[in-house]
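S.K.: Take a look at the following structure, please.
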Amino acid sequence: VVQKLADVLPVQMKPKPPVKKVEAPKPVKKVETPKPQKAPAPTPPAGATNSSHSEGTVGEVAQSQAASSSSGSGGGAASRAAMVDYKSSVVQMLNRYREYPERAKRRRIEGQNSIRVVIAKDGSIEVFEMISGSGSKLLDRETQRMIERVKQFPPFPEHMIEERITLTIPVIYNIR
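In UniProt numbering, the protein residues as written are 1 to 176.
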């Protein structure tokens, strides 16, 4: 049985929560407050196809938190841009591993799960769990299988200073 992979939804990132830091006084210089950035619409992964009867995606990142080392260095624009790109690549990778169960398609079962993943700087997965079910055992099992198929993510880009990031991502199953 061959199952087809889903399209990728555009990823919208929410800014990470402010972190209180104690820093030495800096020269007076106006700094713009970071604004929420939207990642460009990712292209579908190679080999991904979409059935005319179903679609499903690993959706936009619903929540993201970055836990950085206590070195006290600021993130900067390069780090934020690298973070947005990295999160987009995580969602694309998850889409490559997600499949819409054939039985669920035949029964026209739809739903949404939420997963939480904590990724270390080297790309290793520290925590990967389903935090909310879809209401369908078929869809919940497929989300769990997707989690099991992902062994490792790519290491963080050079410009990302965080030691680990936590993402909460919806996994959406819907029939057209």
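All C-beta atoms, glycine included, are put in the ideal place defined by N, C-alpha and C. This one's a predicted model, so the numbers in the text were calculated from it and none came from an experiment.
Are Tyr86 and Ser134 touching if we call contact CB-CB under 8 Å?
M.R.: In this structure, Ser134 does not lie closer than 8 Å to Tyr86 by Cβ.
S.K.: Pull up the distance between the alpha-carbon of Pro101 and that of Phe128, whole angstroms please.
M.R.: If I take the Cα positions, the gap works out to 21 Å.
S.K.: So, does the segment 155-167 touch the segment 79-95, judging by three or more C-beta pairs under 8 Å?
M.R.: Contact holds: three or more Cβ-Cβ distances are below 8 Å.
S.K.: Since Gly111 contacts Leu139 with CB under 8 Å, what's their CB separation in whole angstroms?
M.R.: Indeed, because the Cβ distance is near 5 Å, the residues count as touching under 8 Å.
S.K.: Measuring from the CB of Ser136, is there a heavy atom of the ligand MG at a distance below 7 Å?
M.R.: Judged by which ligands are present, the structure shown has none, so any question about the ligand MG falls away.
S.K.: Suppose only complete runs of 4+ residues qualify. What are the alpha helix (DSSP H) ranges in the UniProt domain "TonB C-terminal" (85-176), listed by chain order?
M.R.: Whole alpha helix (DSSP H) segments, 4+ residues: 102-106 and 137-149.
S.K.: Taking Pro154 and Ser114 to be in contact with their CB atoms under 8 Å, please state how far apart those CB atoms are, rounded to whole angstroms.
M.R.: Contact flag wrong, Cβ pair sits at about 23 Å.
S.K.: Between Arg107 and Arg98, what straight-line distance do the alpha-carbon atoms span, to the nearest angstrom?
M.R.: Each residue's alpha carbon lies about 18 Å from the other.
S.K.: Measure the beta-carbon distance from Gln144 to Met130 and round it to whole angstroms, keeping in mind my assumption that it falls under 8 Å.
M.R.: Confirmed, Cβ separation roughly 6 Å.
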